[in-house]
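Just below is one structure, and these are the notes that go with it.
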Amino acid sequence: MADYLSSVLWTEEEIEFRKQVREFCDKEIYPIADEIDKGSYPRDLLRKIGQAGFMGVHHDKDYGGTAKGLSYEIIVAEEISAANGGLDMARMASTTLFGMPLKVFGTDEQKKKYLAPVVKGEKIGCIGITEPEVGSDTAGMKTRAEKDGDEWVLNGEKRFITNGSQADYMCAFAITDPSVKSKDGMSAFIVPTDADGFSVVKDHDLLGMKSARVSWLKLEDVRLGSEMLLGEEVQGFRILMDELDSERTAIAAEAIGYGRTPYEVAVKYSNERQQFGRAIRAFEGVSFKIADMAMKLEAARALTLTAARMYDKGMKITKQASIAKLYATEAAISITNDALQVLGGMGYTTDYPVERFLRDARLMTIGGGTAEILRFLIQREVYKEML
Ligand SMILES: Cc1cc2nc3c(=O)[nH]c(=O)nc-3n(C[C@H](O)[C@H](O)[C@H](O)COP(=O)(O)OP(=O)(O)OC[C@H]3O[C@@H](n4cnc5c(N)ncnc54)[C@H](O)[C@@H]3O)c2cc1C
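Written out as structure tokens, the structure is:
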């Protein structure tokens, strides 16, 4: 990012922190960025990320975090995603998707036991919302949790769960009161994945995000003590909505990372590649693509930082997080696609990482709320505000 822009948008401390994350990525991730996608689940690397303090910037000091806030989490998300998308998806699913519901709604005991090891990178978390029959319409959830004495008994299936087969704990949403609308009868639970009745149906074979694992899970008579309820009974939908605001902001930052590296590659390549006796950047068909990429990256960064700053001030960010995620994710898809075009045939090879980022970026308008659902949310907030 240009220095003048950097110092306008970010504090000195944030700029210094970004340098630290970038140094870590230069040393630990970039040298193996392509290989991570071909290997086993990067648990050791996630542990290193935790040890470096990059799992806990938005978590409280009592649980191993540094309590800096979401504006720091979006720096980590962008920097690691600029190196390898699936790696950050795994990191973020653990510390933000699993971590934020615990941070906001967990008891001290739950945070000590289940959040602190995730912040250290020693344990892995995941979030279980989506089901085979339930995607965008989360209120249609089928997974049930029934009381049996002091225990809860969970039954259902969760699909497309990032880290699912690798996680130690899942924050799972289930219906506890089927007699009311599911929004009013949903609760959240911490499910240890070694519990009897928890099983992995399969890991999905994905277009991109090869370094992460995304799984189909089954809960069959999983028995949990009452201390595994997160927040209050039937508070689940509120927990879910709160989590989605931070998740969408962090996903927007990841999308900036996916766009940034292909953009940088395309700038360099278009300056070096000669055709018709000149560098291809001399052709507007190429250089105007670079202009569009630069514009989209800067706009996405400003929108994402706005949402993060508002969240850190305790403001409601449903509209801002949706706008940031929608804009940044559509930008990431168009930037990676244009960058591949600028590289011509070389872009379609694995000699350059652009094809990997294009495959990773394609997920971004689906996971964490599709582009269609985000447009629905944004217009709903606009009409609420204006009329
Ligand atoms: C790689 C990956 C990782 C994921 N990780 C997780 C995770 O960790 N935890 C988790 O719980 N989930 C996860 N998900 C699930 C993800 O959040 C869902 O895929 C997403 O919410 C969409 O649900 P769906 O796939 O069932 O699509 P559907 O809801 O079936 O939608 C299909 C299409 O219909 C459109 N549509 C649906 N309803 C409307 C409407 N009202 N208006 C307009 N269009 C509509 C959608 O926009 C979409 O284009 C992941 C998914 C993927 C692919």
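Just so you know, we're using the working numbering here: the sequence shown kicks off at 2 and counts up by one. Every residue gets a Cβ at the ideal spot worked out from N, C-alpha and C, and that includes glycine. On a predicted model such as this, the values are computed, not experimentally measured, just so you know.
Using only the alpha-carbon positions, how far apart do Lys148 and Asp361 sit?
Lys148 and Asp361: Cα-Cα distance of roughly 41 Å.
Measuring only the C-alpha atoms, how far is Glu244 from Asp313?
The alpha-carbon atoms of Glu244 and Asp313 are separated by roughly 14 Å.
Ligand 1 heavy atoms versus the CB of Val201: any closer than 7 Å?
No - ligand 1 has no heavy atom lying nearer than 7 Å to the Cβ of Val201.
What does the Cβ neighbour count give for Met316, buried or exposed, with the cut at 16 atoms within 10 Å?
By the 10 Å Cβ count, Met316 comes out exposed.
May I ask which residues mark the beginning and end of the beta strand (DSSP E) holding Gly226?
According to the DSSP assignment, Gly226 belongs to the beta strand (DSSP E) that extends over 215-226.
Alpha helix (DSSP H) segment containing Met171, residue limits
No alpha helix (DSSP H) holds Met171; the beta strand (DSSP E) holding it covers 170-176.
Using 8 Å for Cβ pairs, my map puts Gln321 next to Thr337. What's the rounded Cβ distance?
The beta carbons of Gln321 and Thr337 sit about 24 Å from each other, so the pair does not count as a contact at 8 Å.
Please determine, among Met387, Asp206, Asp185, Asp293, the residue with the shortest C-alpha to C-alpha distance to Gly418.
Here the chain has residues from 2 to 388 only, and residue 418 is not among them.
Hey, is Phe161 close to ligand 1, as in C-beta under 7 Å from one of its heavy atoms?
Yes, the beta carbon of Phe161 sits closer than 7 Å to at least one heavy atom of ligand 1.
Suppose contacts are defined by Cβ-Cβ distances below 8 Å. Is Gln127 in contact with Leu98 by that definition?
The residue you asked about is not Gln; residue 127 is Cys in the sequence shown. The Cβ atoms of Cys127 and Leu98 sit closer than 8 Å to each other.
Considering only C-alpha positions, which residue in the set Thr305, Glu331, Val192 is nearest to Thr319?
Scanning Thr305, Glu331, Val192 for the CA closest to the CA of Thr319 turns up Thr305.
Helix, strand or coil for Asn156? Go by DSSP, reduced to three states.
Three-state result, Asn156: strand.
Look up Met142 in the DSSP assignment and say whether it is helix, strand or coil.
Three-state DSSP puts Met142 in coil, outside helix and strand.
Inside the region 279-362 only - alpha helix (DSSP H) runs reaching at least 4 residues:
Counting only runs of 4 or more, we get 285-313, 319-343, 355-362.
Report back the beta-carbon spacing between Pro263 and Val355 to the nearest angstrom; my notes put them in contact at under 8 Å.
For a cut-off of 8 Å, the C-beta gap from Pro263 to Val355 is around 5 Å, short enough to register as a contact.
Quick check on Ile379: does DSSP put it in helix, strand or coil?
In the three-state reduction of the DSSP assignment, Ile379 falls in the helix class, which pools H, G and I.
In the DSSP output, which residue or residues are listed as bridge partners for Thr97?
Thr97 pairs with nothing; no bridge assigned.
Buried versus exposed, by CB contacts within 10 Å (16 or more), Ala68
A residue is called buried when at least 16 other Cβ atoms come within 10 angstroms of its Cβ; Ala68 does not meet this threshold and is exposed.
Is Gly237 near Ala189, with beta carbons less than 8 Å apart?
Going by C-beta atoms, Gly237 is nearer than 8 Å to Ala189.
Along the chain, where does the alpha helix (DSSP H) that runs through Ser75 open and close?
According to the sequence displayed, residue 75 carries Ile and not Ser. Per DSSP, the continuous alpha helix (DSSP H) segment holding Ile75 begins and ends at 71-84.
Where the alpha helix (DSSP H) containing Met242 begins and where it ends
Bounds of the alpha helix (DSSP H) holding Met242 are 237-273.
Tell me, which residues are paired with Val105 by DSSP?
When beta bridges are read from the DSSP output, Val105 appears opposite no residue.
Does the beta-carbon of Thr371, which I'm using as the reference point, lie nearer than 7 Å to any heavy atom of ligand 1?
Yes.
By DSSP, does Ser183 sit in helix, in strand, or in coil?
DSSP places Ser183 in helix when its eight states are reduced to three.
Between which two residues does the beta strand (DSSP E) containing Phe25 stretch?
No beta strand (DSSP E) holds Phe25; the alpha helix (DSSP H) holding it covers 13-25.
For Val22, collect the residues of the same chain with a Cβ closer than 7 Å to its Cβ; drop the 5 residues on either side in sequence, then sort them by chain order.
These residues qualify, in order along the chain: Phe55, Ile76, Val77, Glu80.
Is it the case that the Cβ atoms of Phe18 and Tyr73 are separated by a distance below 8 Å?
Taking a C-beta distance under 8 Å as the contact criterion, Phe18 and Tyr73 qualify as a contact pair.
Buried or exposed: which applies to Pro179, given that a residue is buried once 16 or more other Cβ atoms fall within 10 Å of its Cβ?
Under this definition Pro179 is an exposed residue.
What's the gap between the Cα of Lys269 and the Cα of His59?
Each residue's CA atom was taken as its position, placing Lys269 and His59 some 35 Å apart.
Between the C-alpha atoms of Tyr349 and His205, what's the straight-line distance to the nearest angstrom?
When only Cα atoms are considered, Tyr349 and His205 end up about 24 Å apart.
Just list the residues that DSSP pairs Ala189 with in beta bridges.
According to DSSP, which records beta bridges pairwise, Ala189 is partnered with Phe174, Leu231.
Please determine whether the Cβ atom of Leu364 lies at a distance below 7 Å from any heavy atom of ligand 1.
Yes, ligand 1 has a heavy atom inside 7 Å of this Cβ.
Report the residue from Asp27, Lys290, Thr177, Ile379 whose alpha carbon sits nearest the alpha carbon of Ala332.
Here the closest residue by C-alpha is Lys290.
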